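To keep things clear, I will list the structure first and then write my remarks on it.
Residue numbers (this note's numbering), protein chains in the order written: chain W, 29 to 213; chain C, 12 to 192.
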């Protein structure tokens, strides 16, 4: 099987100044697995995981696209073609709301890639998917993600003590409405 | 790439790739302790959905995966059966799970035969295997009735940690001789 070939027409490709966002393809998996096992990148996202579990998580992301019609994009750096992160629109069963989420590989932190990709995903959520509200589920200890959420124009809305599928774990819910998004623009 | 409209038809069953409308029945099965006993145990709907999304993603990534099994007489989803090969799995396998209310009616066998035929015709595997918990006598009996035999044991399923699993299986030639002859 040609791993470079898109498996199905899962969703659009979005281009920003420095990045390409597109639905995951099998050829991305090696880089995604490497990111998924990096303890520092994954520290506030449940921790690093072994490749067998990373593949299941990757397949579930692909399935999210197939089942919902939207999902997490793989984020590629234009200059290198490398997969630098996973950013997108996300609403698994019993999730506290429709989320725009982000993970950027540690090697590519502090370049503003998370913000650039998340802004594109926000526009996709509000303009293309027509969402009325976007949330971000963020660990109380994850200060960089809280800052990114604030930079997107989101606010800390509430705190939850339980997350579907993850049990009793405290998370902040950040977010904004479509009206807020439109006004900021 | 696979054809999302792919359909296999047997006497009493329709097999097709998973669709989002299958989720409710799958989530119900995921909470049934007896059905899930040898395949990782029960899970709440949020986790069952992740598993369901993974099944769907397996199709998109591999071009094959577990079929949703639909009972023709009722239109109900009654299980998932089909070719399965997540990353680092011991071997490509054809596996089966049928909801408890439909056990002992030969549905798993009927779906497995259709799945294995399709797998050999379209995926050209040299052999088919089935990963079975040593205590799962029902599945072992089905594997045996399909003509498979215990090939070896593994001490770990990647991602699930240490556990003893019997790898049942047979070659394509053996299957062809038995089922097409």
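Glycine is no exception: its CB is placed at the ideal position from the N, C-alpha and C atoms.
Since we're looking at a predicted model, the values are computed, not measured.
In the DSSP assignment, residue 181/C falls within the beta strand (DSSP E) that extends over 172-182. Taking a C-beta cut-off of 7 Å against chain C, the contacting residues of the stretch 105-128 of chain W are 120, 121, 122, listed in chain order. Only 79, 80, 81, 82, 83, 84, 85, 86, 87, 88, 89, 90, 91, 92, 93, 94, 95, 96 from the stretch 79-98 of chain W bring a Cβ to less than 9 Å from some Cβ of chain C.
At a cut-off of 8 Å between beta-carbon atoms, residue 79/C makes no contact with chain W.
Using a CB distance below 7 Å, the part of the stretch 155-188 of chain C facing chain W consists of 169, 170, ordered along the chain. At a C-beta separation below 7 Å, residue 60/C has these neighbours in chain W: 120, 121.
Chain C has a Cβ within less than 8 Å of the Cβ of residue 192/W.
143/W is the residue among 193/W, 86/W, 143/W, 162/W whose C-alpha sits nearest the C-alpha of residue 175/W. Residues of chain W with a Cβ closer than 9 Å to the Cβ of residue 41/C do not exist; the shortest Cβ-Cβ separation is about 11 Å. For residue 157/W, the secondary structure class from DSSP, reduced to helix, strand or coil, is coil. For residue 69/C, the enclosing alpha helix (DSSP H) starts and ends at 56-73.
Nearest CB-CB separation between residue 64/C and chain W: below the 8 Å threshold.
Flagged as an interface residue toward chain C: residue 54/W, by a C-beta distance shorter than 8 Å. The alpha carbon of residue 60/C has as its nearest neighbour, out of 94/C, 40/C, 45/C, the alpha carbon of 40/C. Every alpha helix (DSSP H) of 4 residues or more that sits fully in the stretch 98-176 of chain W is shown, in chain order, as 141-151.
Contact check for residue 172/C against residue 91/W fails: the beta carbons are separated by 8 Å or more. A straight line joining the alpha-carbon of residue 97/W with that of residue 20/C spans about 28 Å. The straight-line gap separating the alpha-carbon atoms of residue 95/C and residue 76/C is approximately 5 Å. Residue 75/W sits exposed, since fewer than 16 C-beta atoms from the chains shown fall within 10 Å of its C-beta.
Nearest CB-CB separation between residue 56/C and chain W: below the 8 Å threshold. At a C-beta separation below 9 Å, residue 180/W has no neighbours in chain C, since its nearest C-beta there lies roughly 26 Å away.
Looking only at 180/C, 70/C, 99/C, 87/C, the smallest Cα-Cα distance to residue 83/W is reached by 99/C. Interface residue (Cβ-Cβ distance to chain W less than 8 Å): residue 133/C is not classified as such. Under DSSP, residue 200/W takes part in a beta bridge, and its partners are 166/W, 187/W. Per DSSP, residue 86/W is one residue of the alpha helix (DSSP H) stretching across 79-96. Listed in chain order, the non-local C-beta contacts of residue 47/W below 7 Å within the same chain comprise 103, 104, 105, 106, 141, 144, 145, local neighbours out to five positions each way being set aside.
For residue 63/W, the number of other beta carbons within 10 angstroms of its own is at least 16, and it is reported as buried. Within its own chain, the residues whose Cβ lies closer than 6 Å to the Cβ of residue 104/C, once the five positions on either side in sequence are excluded, are 95, 140, 141, 142, listed in chain order.
For residue 196/W and residue 95/W, the gap between their C-alpha atoms comes out near 27 Å.
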